[in-house]
Amino acid sequence: MAIYVCDNCDSQFPKWQGKCPECGKWGTIEEVKTITSDDRKKKGKIIQAIDINKSSSLKNKKTTTQIKEFDRVLGGGFVPGSLILFSGNPGIGKSTLLSQLVGNIDSALYISGEESIDQVTNRIKRVNNNIPSVKFLSDTDIDTIVSAIEEYNPEVAIIDSIQTLSVDEGVGTIKAIKKAIAKIKSIKNDTTIFLIGHVTKAGDLAGPKSLEHLVDVVLFLEGDRNHQFRFLKSFKNRFGSTNELGVFQMKDNGLNQVENPSQIFLKEQAKNTSGSVIGSILKGRRSIFLEFQALVTPTSFKHPKRRVSGFSTRRLSMLLGVLTKRFNLPLGKKDIHVNIVGGLNVDEPAADLPVAVSIISAFKNKPIDPETVIFGEIGLSGELRTVSDPEKRILEAERIGFKKIVCPFFEQTRDFKININQARTLKQALEFLK
Ligand code: TYD
Ligand code: MG
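One point on numbering: in the numbering used here, the residue at position 263 of the sequence shown is 656, and numbering is uninterrupted.
Quick look at the structure:
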């Protein structure tokens, strides 16, 4: 039996095709033979199951990076022998953070195919108080790199970057990268390997998606180039939750930790301007307040523009649908820009209400009180849905000194001093915001 697998995006098909219907690439689909239980019987293979208690691959010991915000996202530290893909846009700070890590561990091997020993050394010196003991290898050949890691057996090896690794199949293509990862995985010692991968478009790390299943952890560092803040997330983590957020600030001495980020972006808030509202976001155990901005202007195009940064375009279309259909807002001839200030990409349903309210506020040119915090998921009929942990958000808003909350219904288990307005629908929420 055979199946057909796209080399670029890993989609599977029952028949061969010249062009992959999933990713649109030509000539990437190849036949892969699958083994049926009949084949196995013919070969006389015995299937052996392993007792999970005896499996040595289940390692739970974690080593701290001594950077709290980093450990938080890793799930307490890095697991010896694990393979971690560290992705992000060029220039965002990947090399910087890993240069800080090498100062906190016993032994490291920094492999760079991008930069010279001077560049790497200078960065490591700049971000560490003491000069750590680090070995440097300038190479891109995967076999040389694998041998070096086996020979030096460091606690951590950093490969900067996967795009420069060369294998027989080439450099930088998905096929080449996959081959390189397979070779890296054949390394048997307990070295933790950080593989740096540049992302060009969102989700297209010559794509973290298609490499995700090959590694144990996928980290992603993001941020707005115009701000100093950087956010560390994980898309996948075999050893911890993917819901944690690490917050850093890029300074002269590298990425500094921001341990209490709940209001970092609010200082610059444009007060009493229409289209600006404060929303509440929960990431792991922390609550963050962000400014949501919208701009609604008459379009001069046949198809009006919808630009969004920090929020999903698809979710925005859904919300615009609700606003057009349930509120008769004539948005069809308007260009709409939505921006979540600070560069954090928010994928939480609780962001629906602040996004919708910012658009309505911009459309009607009516400012929203800057001391009000709003959050809530919006359903297709304009109803508000409960989101996770409303009391945690409210408690933090109260602590910071906000005056009012507009949110969906929830079961209140304690008293608050702050003025809480629970709404069943978007319409009702807007009444509370008047
Ligand atoms: P870098 O870690 O080289 O990015 P990446 O490896 O993700 O491509 O970071 C690049 C930017 O960070 C660069 O614009 C310079 C800045 N930077 C600082 O502001 N402070 C520092 O201490 C360092 C090392 C870099
Ligand atoms: Mg770099």
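From the three backbone atoms N, C-alpha and C, an ideal C-beta is built for every residue, glycine too.
So residue i packs on residue j, CB below 8 Å; how close in whole Å?
i: residue 547; j: residue 501; result: 5 Å
i: residue 778; j: residue 801; result: 6 Å
i: residue 629; j: residue 652; result: 25 Å between Cβ atoms; not a contact.
i: residue 772; j: residue 822; result: That pair is no contact at about 13 Å.
i: residue 715; j: residue 775; result: 5 Å
i: residue 655; j: residue 682; result: 6 Å
i: residue 570; j: residue 476; result: Not quite, the Cβ-Cβ distance comes to about 13 Å (not below 8 Å), so this is no contact.
i: residue 725; j: residue 697; result: 7 Å
i: residue 741; j: residue 674; result: 6 Å
i: residue 704; j: residue 739; result: 6 Å
Going by C-alpha to C-alpha distance, which of the options sits closest to residue i?
i: residue 635; options: 809, 468, 405; result: 468
i: residue 670; options: 655, 765, 797; result: 765
i: residue 410; options: 497, 421, 513; result: 421
i: residue 727; options: 756, 720, 779, 405; result: 756
i: residue 834; options: 582, 531, 476, 545; result: Residue 834 is absent from the structure shown; the chain starts at 394 and stops at 827.
i: residue 686; options: 673, 675, 667; result: 667
i: residue 408; options: 767, 396, 735, 570; result: 396
i: residue 566; options: 400, 479, 797, 507; result: 400
i: residue 743; options: 754, 767, 762, 734; result: 767
i: residue 731; options: 692, 684, 510; result: 684
i: residue 804; options: 675, 818, 784; result: 784
i: residue 790; options: 672, 703, 688, 522; result: 672
i: residue 781; options: 680, 614, 577, 455; result: 680
i: residue 753; options: 424, 425, 723; result: 723
i: residue 796; options: 763, 697, 717, 492; result: 763
i: residue 568; options: 603, 611, 544, 613; result: 603
i: residue 809; options: 787, 794, 793; result: 787
i: residue 819; options: 631, 494, 799; result: 799
i: residue 609; options: 508, 461, 479, 490; result: 479
i: residue 542; options: 504, 490, 736; result: 504
i: residue 717; options: 706, 626, 749, 613; result: 749
i: residue 647; options: 544, 613, 495, 759; result: 495
Which class does residue i belong to by DSSP, given the choice of helix, strand or coil?
i: residue 714; result: helix
i: residue 631; result: coil
i: residue 770; result: strand
i: residue 405; result: strand
i: residue 640; result: strand
i: residue 511; result: helix
i: residue 566; result: coil
i: residue 732; result: strand
i: residue 410; result: coil
i: residue 686; result: strand
i: residue 678; result: coil
i: residue 650; result: strand
i: residue 596; result: With a pLDDT of 46 at residue 596, under the threshold of 50, the modelled position of that residue is not reliable, and no figure is offered here.
i: residue 655; result: helix
i: residue 691; result: strand
i: residue 709; result: helix
i: residue 588; result: strand
i: residue 663; result: coil
i: residue 822; result: helix
i: residue 442; result: coil
i: residue 461; result: helix
i: residue 574; result: helix
i: residue 451; result: Here the model assigns residue 451 a pLDDT of 46, short of 50, so the residue's position is not dependable, and the following value carries that caveat. Coil.
I'd like to know if the region 701-714 and the region 638-652 are in contact, where contact means that at least 3 CB-CB pairs between them fall below 8 Å. no
Can you list, in chain order, the stretches of the beta strand (DSSP E) that have 3 or more residues and sit fully within the region 747-819? 765-767, 797-801, 812-816
Is it the case that the region 481-488 contacts the region 656-663, given that we only count it when at least three CB pairs across the two stretches are under 8 Å? no
Give a yes or no on contact between the region 548-555 and the region 582-592, applying the rule of three or more CB pairs nearer than 8 Å. yes
Residue ranges of each alpha helix (DSSP H) run of no fewer than 4 residues wholly in the region 464-529, ordered along the chain? 487-494, 510-520
Enumerate, from N- to C-terminal direction, the unbroken beta strand (DSSP E) stretches of 3 or more residues contained entirely within the region 598-626. 610-615
Uninterrupted alpha helix (DSSP H) stretches inside the region 526-557 (no shorter than 4 residues): 535-545
Counting pairs of beta carbons, one from the region 518-534 and one from the region 571-584, are three or more of them closer than 8 Å? no
Just checking, does the region 617-624 make contact with the region 510-524 on the three C-beta pairs under 8 Å criterion? no
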